[in-house]
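Data first, discussion second: the structure below is written as structure tokens.
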Amino acid sequence: MLEYKEMKINLNGKIIKIETGKIAKQAAGSIVVSCEETVVLVTVTFSNEPREGIDFFPLMVDYEEKFYAAGKIPGGFFKREGRPSKNAILTSRLIDRPLRPLFPTEYRNDVQVIATVLSYDQKNLPDVLAIIGASTALWISDIPFQGPIGAVRIGLVENEFIINPGPQELENTELNLIIAGTKDSIIMMEGEAKEVPEEIILQAINIAQEAIKTIIEGQEKLSDILGKSNIKEEKKYSETAELVDNYRKEIKNLYENEIKKSIYINEKKEREDSLKDIFNQIIEKLSIEGDNLPILKNAYDDICKEAVRDLIIKEKIRVDGRKLDEIRSISCETGVLPRVHGSALFTRGQTQALVVTTLGTVKDRQFIDTLEEESSERFYLHYNFPPFSVGEVRPRRGQSRREIG
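Read in UniProt numbering, the sequence shown has 221 at position 221, and its numbers run on one by one without any break.
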């Protein structure tokens, strides 16, 4: 069990404190990260054995905003914390994106990251702190995480860049950009801007990169104090990785031309059917079954991605046959439904959106109850992504995270 240790990072005059060994000692990695009076607890846990029969990395990231963090009592009859808010779900995805690429390709053990806002001072936003905490918790654990990473928010107020601006500063900012990455490269960027020139964006990225290096150095120092190795063992996955490489070579030698021909097919359904037929041929040819099927599928997907990339870079043609400067045919039809307030069918190539508008009164506005002051929205958009839109069979059990935001 780890002893209590802490590390302080000075980021443009603000101190970010990272602590471990105090809370959640049973977790594989536990970090309390704070800036002034905003405090976030981030824990990571993982299963000892890989999940069988899957071809993806089962990473779960949950971001939780507790109302007590802002001295508030939850609304509703039961006065208990309910389902995660839209902001919490979007922040969960924000944390997930820069972490997911930094695990071994063949890692199939369940990993869960939980970031809980314990205290919020209304001045220092907790989302960036949660990313830093998640990276540190993974870095000091025994999970094969190929980090660490840092994250910052960059604002622009009166032509001056601000690192990690607060809510009040964001009200006047021309730029709100969250950047996460390693010492050497940027992994994720997300934000909004008011028609800011590209040169300003590049300056913001450079400023963020320097701040990220400082944050990562702090994580590495904490790891050194704890006696944790910065090189994670990956021997467990070397056999699987070697098998994937062998499958890639065999698929490339035997079926590369057929795969490229299928990639050239313009119609999506026809293209997918052709690629599926090729995969079935490969299974039969190589006599693959059981646990090796997901490994073969990974290798096959890699070859397909390479074919698409070559098509774009070398031939300057996209998958559906368009050149790089061509757009799909677009059509828009209005008034498609008789009794609603407004409706339209927007079609772009093989992608369609059926949009319906409903007008209400001031009483119909949506009240937003979060850690910030209570607010309301008079315009809100509900996005649905039904399985039939991509020709798939999938149970409808409430909204998925993809449908939020």
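Here a beta-carbon is modelled for each residue, glycine too, at the ideal position from N, C-alpha and C.
Cβ separation of residue i and residue j, assumed to be a contact under 8 Å, to the nearest whole Å
i, j, result
"S32", "I16", "The residue asked about is misnamed: residue 32 is Val in this sequence, not Ser. Contact doesn't hold; Cβ gap of about 11 Å is too wide."
"L345", "V336", "5 Å"
"M7", "I18", "5 Å"
"T240", "E106", "4 Å"
"I140", "S85", "With 8 Å as the limit, I140 and S85 do not qualify as a contact, their Cβ atoms being about 29 Å apart."
"residue 409", "D310", "This structure cannot settle anything about residue 409, because the visible part of the chain is limited to 1 through 405."
"I149", "I187", "7 Å"
"I42", "D96", "Contrary to the premise, residue 42 reads as Val rather than Ile in this sequence. The pair is not a contact, with the Cβ atoms about 13 Å apart (cut-off 8 Å)."
"E174", "K194", "5 Å"
"I295", "L243", "6 Å"
Close Cβ partners of residue i (< 7 Å) along its chain, the five nearest in sequence each way excluded
i, result
"Y300", "I251, F279 and I282"
"S119", "E37, T38, V39 and A69"
"A93", "The sequence given here places Arg at residue 93; Ala does not occur at that position. Only R401 meet the Cβ criterion."
"S47", "N109 and D110"
"R365", "S376, E377 and R378"
8 Å CB neighbourhood of residue i in its chain, flanking five on each side removed
i, result
"P74", "F67, R80, E81, G82 and D369"
"N124", "K14, C35, E36, E37, T38, N164 and G166"
"I265", "R271 and S274"
"K269", "G391"
"L254", "I282 and K285"
"D343", "One point to set straight first is that residue 343 is Ser, not Asp, in the sequence displayed. T334, G335, V336, L337, L354, V355, V356 and T357."
"E256", "I303 and A307"
"Y4", "E19, T20, G21 and K22"
"D291", "E52 and G53"
"A204", "I154, L156, F161, L175, L177 and I179"
"K221", "M7"
Contact set for residue i: own chain, Cβ-Cβ below 6 Å, skip 5 residues either direction
i, result
"I89", "R401 and I404"
"E258", "I278"
"D320", "N266"
"G191", "N176, L177 and I178"
"K183", "K213 and I216"
"H341", "T357, T358 and L359"
"K228", "I140"
"L324", "K316"
Bridge partner(s) assigned by DSSP for residue i
i, result
"V152", "I179"
"V355", "A344"
"V362", "Beta-bridge pairing links V362 to no other residue."
"E377", "Q366"
"G191", "L177"
"I162", "G155"
"N10", "I15"
"I186", "G181"
Residue-level contact to chain B via CB, residue i, 9 Å cutoff
i, result
"K8", "Within the model displayed, chain B is absent; a lone protein chain is all it includes."
Beta strand (DSSP E) segments (min. 3 residues) lying fully within the UniProt domain "Exoribonuclease phosphorolytic" (16-144): Fully enclosed beta strand (DSSP E) runs of 3 or longer: 29-35, 38-50, 59-65 and 109-119.
Complete runs of the alpha helix (DSSP H) confined to the stretch 193-260 [at least 4 residues]: Note on the stretch 193-260: whole alpha helix (DSSP H) runs with a minimum of 4 residues are 198-226, in chain order.
Alpha helix (DSSP H) segments (min. 4 residues) lying fully within the stretch 264-339: The qualifying runs are 268-286 and 292-315.
Any 3 or more C-beta pairs closer than 8 Å across the stretch 176-190 and the stretch 146-155: Short answer: they touch.
contact_flag[the stretch 125-134, the stretch 108-116] where n(CB pairs < 8 Å) is 3 or more: Yes, since at least three Cβ pairs between the stretch 125-134 and the stretch 108-116 fall closer than 8 Å, the two stretches touch.
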